[in-house]
Amino acid sequence: MTTAKRFGWGLVALLLIVAGVFLSLVRVTINPSAPANSPPAAANLAITPAPPTTDRVPLAIPVSGVSAAQLSDTWGQSRGGGAREHHAIDIMAAKGTPVLAAASGRVEKVFESANGGHTLYVRTADGRTLHYYAHLDGYGVGEGAEVRQGQPIATVGNTGSAAGGAPHLHFEIKAMQPGERWWQGTNVNPYPLLVAAR
Ligand SMILES: [Zn+2]
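Remember, the numbering used here sits 42 above the position in the sequence shown when you count from 1.
Following this line, the structure appears as structure tokens:
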């Protein structure tokens, strides 16, 4: 092997090393926010669908005249003599106070239940969230109605398990998987979302 050839192979090796370093830098910089334990770079580059716009719209406090400062976090409290946990927020108000739609959507179900009394289930337009309003005194909308955020949809009462007690709105937020129906879903704490309400 001549000196010139040895020099040539050395140059090729050097170029390969430089190229390798360059490529590893590129892979890091195209994914600046990727966590350390993330899958390979190719998976991170997959296009993720934009989150639905309703997720970014702040909720309205669902009782007329109630401010964020007046809310208290009643998530996780014991109910039914310890039989169940409270996965909702209770918003105290005088009987007959308008209940307002926390978000726009469609009334999926009007339902009478032993615990909830008169209740409404309203699903957001993207189908991913269900809002449940319970212990209502009266209804302002029927099944299938389209409602706008802030629209009066019912009145505060003490029906169901609240009978004989202080009138209040029992409000739940359910995260819905595709295909889940009005009696399904996974409850999330409304309090932090309502404190950030408009
Ligand atoms: Zn409640």
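Just so it is clear, CB atoms sit at the ideal spot from N, CA and C, and this is done for glycine as well.
Exercise for the section: Run the CB neighbour count on Pro232, radius 10 Å, all protein chains shown included, and call it buried at 16 or more, exposed below. Expected result: buried
Practice task
Give every residue of the same chain whose Cβ lies closer than 8 Å to the Cβ of Met137, excluding the five residues on either side of it in the sequence, and list them in chain order.
Solution key: Residue 137 is actually Lys in this sequence, not Met. So the qualifying residues of the chain are Asp179, Thr197, Val198, Gly199, Asn200, Pro209.
Practice task
With DSSP collapsed to three states, give me the class of Trp225.
Solution key: coil
Exercise for the section: Could you tell me whether the Cβ atoms of Gly158 and His177 are closer together than 8 Å? Expected result: In contact: Gly158 and His177 (Cβ atoms closer than 8 Å).
Practice task
Report yes if the C-beta of Asp132 is less than 7 Å from at least one heavy atom of ligand 3; otherwise report no.
Solution key: The model depicted lacks ligand 3 and carries ligand 1 instead.
Practice task
Assuming Arg165 contacts Glu150 (C-beta within less than 8 Å), just tell me the rounded distance between them.
Solution key: That belief holds up - the Cβ atoms of Arg165 and Glu150 are roughly 5 Å apart, short of 8 Å.
Exercise for the section: Verify whether the separation of the beta carbon atoms of Gly107 and Thr139 is less than 8 Å. Expected result: In this structure, the beta-carbon distance from Gly107 to Thr139 falls below 8 Å.
Practice task
Quick one: which unbroken beta strand (DSSP E) runs of 3-plus residues sit fully inside the stretch 153–212? Chain order, please.
Solution key: 159–165, 171–181, 194–198
Practice task
Consider the C-beta atom of His160 and the heavy atoms of ligand 1; say whether any pair is separated by less than 7 Å.
Solution key: no
Practice task
Report yes if the C-beta distance between Leu113 and Val237 is below 8 Å; otherwise report no.
Solution key: Against a cut-off of 8 Å, the Cβ pair of Val237 and Leu113 comes out as a contact.
Handout entry: For Ile215: DSSP bridge partner residues
Key = His173, Val230
Practice task
Compare the beta carbon distance of Pro104 and Leu211 with 8 Å and say whether it is the shorter of the two.
Solution key: yes
Problem - Three-state class that DSSP yields for Leu142 in the structure shown - result: strand
Practice task
Taking the CB atoms as reference points, tell me whether His173 and Ile215 lie closer together than 8 Å.
Solution key: yes
Practice task
Please classify Gly147: does DSSP put it in a helix, a strand, or coil?
Solution key: strand
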